[in-house]
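Asks:
Chains as they are written, first to last, in this note's numbering: chain A, 5 to 554; chain B, 721 to 1036.
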């Protein structure tokens, strides 16, 4: 079943703590490495955001210098995208894909470890740019500004993003190959969990778009260091070409950041509402549709850049069309909840919070696709509010949902439910207070990326800053919960949620090569309430007894 | 479904429609409209707001209702109904959003066309014309930019502009030159109900020219000319904001658009014609030779209110 003949991963029978600090090829170790690393950077990127919000509590630039302000939001964006959300998606993919499809490991375990070990140097390098003056031209790094504001900080940013992009490409090769080639015999594409579908669509998108970003950044690097003029207008270059290349990756990047978490939500909601996922095929195919459409919408970031009228109309149409597959997903999740038996625990609260706030990001997303309206709100706080609802209200809430859902599986410990719910309440209130006022600010005329703003905008900014502090506080129950559960938590059962996907058929945490013997596919991933009730209960316990006997 | 259920659904549907319609018109989120174009953009936004409010209420309603109605009872280990899908329902919720975005796309197209975005004169999509324009430009002025540059723009019918103003965006100021009178100013004065066309260039990095009350924004690029055409129909002072990150003091790069009566405008032009003559010469001199950012900025510093501290920041 596996082509892997190296047995590094089975050198010892027990998983030791030091394994997590080494070049280990076990996908579960790598998954945890990704998750822990990404959360370290979440706290750093979050701290930067708190400084930015503190600065914005008053209209004057009085807390940090304008240069440092630009450095902070540049690194906040870069870290949250490339070092938190993207690696966190890879964390779930690494940990879950082999378990969900009944494989022992990923298709290329050593490539997998290489992909992870590109991330810490990339992250440390990025932070080290503070020593020479961090980049200050935003995460978009548009020339000519990026060529003029601190040469070495910018170059460090480029190299760092190239490392992280390479890591992402290597990961995607592994995810796609593993999903396509390593499923157990009985599992066809349409009986695998929807998370695998989501990762298949994500991987395709990564493989098609990330190399273009690499190309753009290498050319930018030439302009920066060797004095070429690919994008530099003083030598006849065209800065708008950079924008096309950049967004050819960076719009798909939004779907790279959200689709794995669509997958997470499709796993969490059926389990905790005890109902089959509503419209399995529609959800699976809508991921592929988003993946395809995601490749032909990039210029909607450039409606004011000086693009021809017909081009703006084309990209408006394709962008609006994405609302259709995305809407299918949202409606299907709602229909799954409808009539179910909802357990309002931490994973489910975060999942429902996800649907609620992602919806807002989706609705404003259709609005900003409309060219005449986007011309007004482009580069304003309306956009900042919009994409934080997508990426924090969407990706981050789903990330926490998945975190609590699989915490017992990954660690073998139960988390504290009360602290988890407190975490949710603070996060949900905090995010709405922080990001909702931004929409109004943008519509009224507040542009983004400024340390100094008109005094009329202060009340709403103050509110937003207060929300940001609530979000800072919300991380405390999260941190306490993780530490408390790991040290004092009770031993988790094999299948505490009575879930049907394969990862719950093995021990918590799973043994080194995942399953004692090749698992048997005895039901679909979401067949809740399909069989006769008693029979199903019987078969679950039969199965568990059978597995644990061996 | 029993009759009371039907009635409740009906009442909920009517309420939802009424709330959406009301909020779509009364959200009060947009600033003053200072042009016909702004009013059209707002009508489009109001429609999108109405639809969004309806969808928002439906989905949030389902979530909140589910929390109370479909909550699992303590100790209940059974599953919910094994419903795996419903094809007619799925077709409905695929078709409705498709129709909605189709309508929104058509409506947006219409508004954009009215704004002049698809006017061949405005957006200059035709390569031949583009080449011609570039050539004319190069003959007329000394421009250090490459010849294959295109004209890019946004605006309302700028083919027959009443007044043209040249705009130069530099870190961190806007400079307006009135070619007819030679007036150079750090603020933009225009008469009401006249077709205005701005010919915009950037001196260093990308800037963006944004007047929220006109709902219009256009990037200003180094090495290319872009245009921005409008017809303001409301007297008043409106902010001009740089909307594209242009450096540390990006937040300070703003000035004012004064929309005035014809008499006030003429008075302002008269008062400033003589005063600006010398400055115009400076500006022309500046255009003819490549200069560093510093020397260019120094030239304008005295009338732009740029203080020595800002200059010192730029010099290093």
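Positions of the beta carbon are idealized from the N, C-alpha and C atoms, including for glycine.
Quick check: the Cα distance between residue 452 (chain A) and residue 384 (chain A), rounded to an integer number of angstroms?
Replies: By one-based count along the first chain, residue 452 (chain A) stands at place 448. By one-based count along the first chain, residue 384 (chain A) stands at place 380. Answer to the nearest angstrom: the Cα atoms are 5 Å apart.
Asks: Does chain B have any CB closer than 9 Å to the CB of residue 314 (chain A)?
Replies: Working through the first chain from its first residue, we reach residue 314 (chain A) at position 310. Residue 314 (chain A) has a beta carbon lying within less than 9 Å of a beta carbon in chain B.
Asks: Which residues in chain A have a C-beta closer than 8 Å to the C-beta of residue 961 (chain B)? List them in chain order.
Replies: On the second chain, residue 961 (chain B) is found 241 positions in, with the first residue counted as 1. Simply 449, 451.
Asks: DSSP three-state label for residue 740 (chain B), please.
Replies: Position 20 of the second chain, counting from 1, holds the residue named residue 740 (chain B). The answer is helix: DSSP assigns residue 740 (chain B) an H, G or I state.
Asks: Starting from residue 960 (chain B) and walking both ways along the beta strand (DSSP E), at which residues does that stretch end?
Replies: Sequence index remark: in the second chain, residue 960 (chain B) carries index 240 (1-based). That run of the beta strand (DSSP E) goes 956-962.
Asks: Out of curiosity, what's the CA-to-CA distance linking residue 78 (chain A) and residue 142 (chain A)?
Replies: By 1-based counting over the first chain, the position of residue 78 (chain A) is 74. By 1-based counting over the first chain, the position of residue 142 (chain A) is 138. Cα-Cα distance, rounded: 4 Å.
Asks: Can you tell which of B:838, B:989, B:957, B:904 has the C-alpha that lies nearest to the C-alpha of residue 976 (chain B)?
Replies: Taking the first residue of the second chain as 1, we reach residue 976 (chain B) at position 256. Residue B:957 is the option with its Cα nearest to residue 976 (chain B).
Asks: Got a sec? Which residues, its chain only, sit under 7 Å from residue 147 (chain A) by beta carbon, not counting five neighbours each side?
Replies: For this step, residue 147 (chain A) is matched to residue 143 along the first chain. Hits under 7 Å: 224, 227, 235, 236, 243, 246.
Asks: Once the 5 residues before and after residue 196 (chain A) are set aside, which same chain residues still bring their CB inside 8 Å of it?
Replies: On the first chain, position 192 is the one that residue 196 (chain A) refers to. Closer than 8 Å at Cβ, skipping near neighbours: 104, 105, 183, 187, 529.
Asks: Does any C-beta atom of chain A lie closer than 9 Å to the C-beta of residue 791 (chain B)?
Replies: The residue given as residue 791 (chain B) occupies position 71 in the second chain. Yes, residue 791 (chain B) counts as interfacial toward chain A.
Asks: Quick one: Cα of residue 870 (chain B) to Cα of residue 924 (chain B), how far?
Replies: Numbered from 1 along the second chain, position 150 holds the residue referred to as residue 870 (chain B). Numbered from 1 along the second chain, position 204 holds the residue referred to as residue 924 (chain B). In this predicted model, residue 870 (chain B) has a pLDDT of only 44, less than 50, meaning its place in the structure is not dependable; the value taken from the coordinates is given anyway. Taking C-alpha positions only, residue 870 (chain B) is separated from residue 924 (chain B) by approximately 18 Å.
Asks: On a CA-only basis, which of A:129, A:154, A:145 is nearest residue 137 (chain A)? Give me that one, please.
Replies: Against the first chain, residue 137 (chain A) aligns to sequence position 133. Nearest of A:129, A:154, A:145 to residue 137 (chain A), Cα basis: A:154.
Asks: Kindly confirm or deny that the segment 901-919 of chain B and the segment 437-448 of chain A touch, where touching means at least three C-beta pairs closer than 8 Å.
Replies: no
Asks: Between residue 477 (chain A) and chain B, is any beta-carbon pair separated by less than 9 Å?
Replies: Within the first chain, the letter at position 473 stands for residue 477 (chain A). Interface residue (Cβ-Cβ distance to chain B less than 9 Å): residue 477 (chain A) is not classified as such.
Asks: Taking just the CA atoms, how far does residue 818 (chain B) sit from residue 327 (chain A)?
Replies: As a working note, residue 327 (chain A) is residue 323 in the first chain. As a working note, residue 818 (chain B) is residue 98 in the second chain. Between residue 327 (chain A) and residue 818 (chain B), the C-alpha separation is close to 8 Å.
Asks: Got a sec: is the Cβ-Cβ distance from residue 126 (chain A) to anything in chain B below 9 Å?
Replies: Looking up residue 126 (chain A) in the first chain gives position 122. Not closer than 9 Å to any Cβ of chain B, the Cβ of residue 126 (chain A) fails to qualify, so no.
Asks: Bridge partners for residue 894 (chain B) per DSSP, in chain order?
Replies: Walking along the second chain from the start, residue 894 (chain B) turns up at place 174. Residue 894 (chain B) pairs with B:889.
Asks: Please tell me whether residue 341 (chain A) and residue 279 (chain A) are closer than 9 Å, where the distance is taken between their beta carbons.
Replies: Position 337 of the first chain, counting from 1, holds the residue named residue 341 (chain A). Position 275 of the first chain, counting from 1, holds the residue named residue 279 (chain A). Contact: yes.
Asks: Is the shortest distance between the beta-carbon of residue 746 (chain B) and the beta-carbons of chain A less than 9 Å?
Replies: Working through the second chain from its first residue, we reach residue 746 (chain B) at position 26. Taking Cβ atoms only, chain A never reaches closer than 9 Å to residue 746 (chain B), which makes this a no.
Asks: Just to make sure I have the definition right: I need the residues of chain A whose C-beta is within less than 7 Å of the C-beta of residue 979 (chain B). Which are they?
Replies: Residue 979 (chain B) sits at position 259 when you count from the first residue of the second chain. The contact set of residue 979 (chain B) on chain A, defined by CB atoms closer than 7 Å, is empty, because the minimum CB distance reaches about 16 Å.
Asks: Quick check: residue 270 (chain A) and residue 217 (chain A), are their CB atoms within less than 9 Å of each other?
Replies: By 1-based counting over the first chain, the position of residue 270 (chain A) is 266. By 1-based counting over the first chain, the position of residue 217 (chain A) is 213. The answer is no: Cβ separation not under 9 Å.
Asks: Alpha carbon to alpha carbon, how far is residue 144 (chain A) from residue 353 (chain A)?
Replies: Counting from one through the first chain, the residue named residue 144 (chain A) turns up at place 140. Counting from one through the first chain, the residue named residue 353 (chain A) turns up at place 349. Their backbone Cα atoms lie some 34 Å apart in a straight line.
Asks: Rank B:983, B:759, B:972 by C-alpha distance to the C-alpha of residue 831 (chain B) and give the top, closest one.
Replies: Counting from one through the second chain, the residue named residue 831 (chain B) turns up at place 111. It is B:759 whose Cα lies nearest to the Cα of residue 831 (chain B).
Asks: Just tell me which of A:463, A:346, A:457 has its CA closest to the CA of residue 795 (chain B).
Replies: Counted from its first residue, the second chain places residue 795 (chain B) at position 75. If we check each option's Cα against that of residue 795 (chain B), A:346 comes out closest.
Asks: For the alpha helix (DSSP H) holding residue 85 (chain A), just list the boundary residues, first then last.
Replies: Here residue 85 (chain A) refers to the residue found at position 81 of the first chain. No alpha helix (DSSP H) holds residue 85 (chain A); DSSP gives it neither H nor E.
Asks: Tell me the start and end of each unbroken alpha helix (DSSP H) in the segment 134-194 of chain A that is at least 4 residues and wholly inside, in chain order.
Replies: 149-152, 155-185
Asks: Along chain A, in chain order, which residues have C-beta atoms closer than 7 Å to that of residue 939 (chain B)?
Replies: As a first step, residue 939 (chain B) must be located in the second chain, where it is residue number 219. Residues of chain A passing the Cβ test: 308, 309, 310.
Asks: Interface residues of chain B around residue 277 (chain A) at Cβ under 9 Å?
Replies: Within the first chain, the letter at position 273 stands for residue 277 (chain A). Going along chain B in sequence order, the residues near residue 277 (chain A) (Cβ under 9 Å) are 786, 790, 792, 800.
Asks: Can you name the residues of chain A whose CB is closer than 7 Å to the CB of residue 907 (chain B)?
Replies: Sequence index remark: in the second chain, residue 907 (chain B) carries index 187 (1-based). The premise fails here: residue 907 (chain B) is roughly 16 Å from chain A at the closest Cβ pair, so nothing lies under 7 Å.
Asks: Given 8 Å as the limit, is there contact between the segment 112-132 of chain A and the segment 508-527 of chain A, that is, 3 or more CB pairs closer than that?
Replies: no
Asks: Does DSSP put residue 870 (chain B) in a helix, a strand or coil?
Replies: Locating residue 870 (chain B) in the second chain gives position 150, counting from the first residue. Low confidence applies to residue 870 (chain B): its pLDDT is 44, below 50, so where it sits in the model is not reliable enough to give any reading.
Asks: Give every residue of the same chain whose Cβ lies closer than 6 Å to the Cβ of residue 557 (chain A), excluding the five residues on either side of it in the sequence, and list them in chain order.
Replies: Here chain A comprises residues numbered 5 to 554, so residue 557 (chain A) is not present and cannot be evaluated.
Asks: Quick check on residue 950 (chain B): does DSSP put it in helix, strand or coil?
Replies: Numbered from 1 along the second chain, position 230 holds the residue referred to as residue 950 (chain B). DSSP places residue 950 (chain B) in strand when its eight states are reduced to three.
Asks: Please list, in chain order, the chain B residues whose beta carbon lies closer than 8 Å to that of residue 360 (chain A).
Replies: Counting from one through the first chain, the residue named residue 360 (chain A) turns up at place 356. Those within 8 Å of residue 360 (chain A) in chain B are 779, 780, 783.
Asks: Taking 9 Å as the threshold (beta carbon to beta carbon), is residue 253 (chain A) in contact with chain B?
Replies: For the purposes of this step, residue 253 (chain A) is taken as residue 249 along the first chain, with counting starting at 1. Not an interface residue.
Asks: With H, G and I counted as helix, E and B as strand and the rest as coil, what does DSSP make of residue 100 (chain A)?
Replies: Counting from 1 along the first chain, the entry for residue 100 (chain A) is found at position 96. It is helical.
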